[in-house]
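19 is the number of the first residue of the sequence shown in our numbering; add one for each residue after it. Where a beta carbon is used, it is the ideal one built from N, C-alpha and C, also for glycine. Notes to accompany the following structure.
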Amino acid sequence: MASDKLQPPKPSKGDTAHALAKAGISAIPMIGGPGAELFQHIVQPPIEKRRVEWMGYVGEKLIELESRGVDIGQLSEHEEFVSAVLHASQIAIRTHRQEKREALRNALFNIASGKAPEESLQQIFLEYIDAFSELHVQLLKFFQTPPNTSNVMMGALSSVIEQGMPNLKGKRQAYGQVWNDLIARGLLDNVGLHVMMTGQGLAGKRTTELGDAFLDFISEPAL
């Protein structure tokens, strides 16, 4: 039945999708010593919950891949993919942010379907997912397709941000730090937020080729 395909894979079936997801989280070490009992009582239950959720989350996507013609049985021999699962799983267990987990899952989906950049760049991008806040990704997407500013004669990019993202109004220090971080990582053009420019300049795309590649990597591919 179609509904059966939406169920995450179960360990008892030895399903490939489950095995691949489990391989990543089994590599995460647990602590020992005097604090182990307290740790297990307070911290381990939510960690285990995250483990199970992530396994199901990845498993569902692998099942979807299989339904679209991808031979997921071959993925267990795909060293590049297995390494990415290990890396992404450790990041996923450390976060409660759903958007970060979605980015990680999409990244694995892109790798499995052959739509990802070279492996070294994959590892760099996974580290970016780990390090970035939600605001990093929001700003990057915002300046990949900036709003129309044809009615503006002169202005600064900071004003475009505060008008287009009202929640950041008056928070220059916060979004300025994120802006500089994205520039330092090569994802945005090196342009000052407070430099005056024409309306045409304000409407220009600011993401670099690397920035576009990162956004593609964390976006769900169209198969």
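Tell me whether residue i sits in a helix, a strand or coil according to DSSP, three-state version.
i    : result
E238 : coil
L205 : coil
K132 : Residue identity differs from the one stated: residue 132 is Gly in this sequence, not Lys. Reduced to three states, the DSSP call for G132 is coil.
G229 : helix
G194 : helix
M172 : strand
M215 : strand
S85  : helix
G188 : coil
F150 : coil
M73  : helix
R224 : coil
H105 : helix
Look at the alpha carbon of residue i and the alpha carbon of residue j, and state the distance between them as a whole number of angstroms.
i    : j    : result
D207 : F150 : 18 Å
A121 : S237 : 7 Å
E227 : N185 : 28 Å
E14  : G188 : Within the shown structure, residues of the chain are numbered from 19 to 241, placing residue 14 beyond reach of any answer.
R119 : H105 : 12 Å
T225 : D199 : 13 Å
V88  : N128 : 12 Å
G194 : G229 : 17 Å
E71  : G77  : 10 Å
V209 : K223 : 11 Å
Q25  : S85  : With a pLDDT of only 48 at Q25, under 50, the local geometry of the prediction cannot be trusted, and no value is derived from it.
Do residue j and residue i count as a contact pair if the criterion is CB distance below 8 Å?
i    : j    : result
L244 : L205 : The structure shown has nothing for residue 244, since the chain only spans 19 to 241.
P164 : A221 : yes
K79  : R123 : yes
L83  : A130 : yes
I65  : I111 : yes
My understanding is that residue i touches residue j, with C-beta atoms under 8 Å, so please give their C-beta distance in whole angstroms.
i    : j    : result
M183 : T216 : That belief does not hold up - the Cβ atoms of M183 and T216 are roughly 21 Å apart, past 8 Å.
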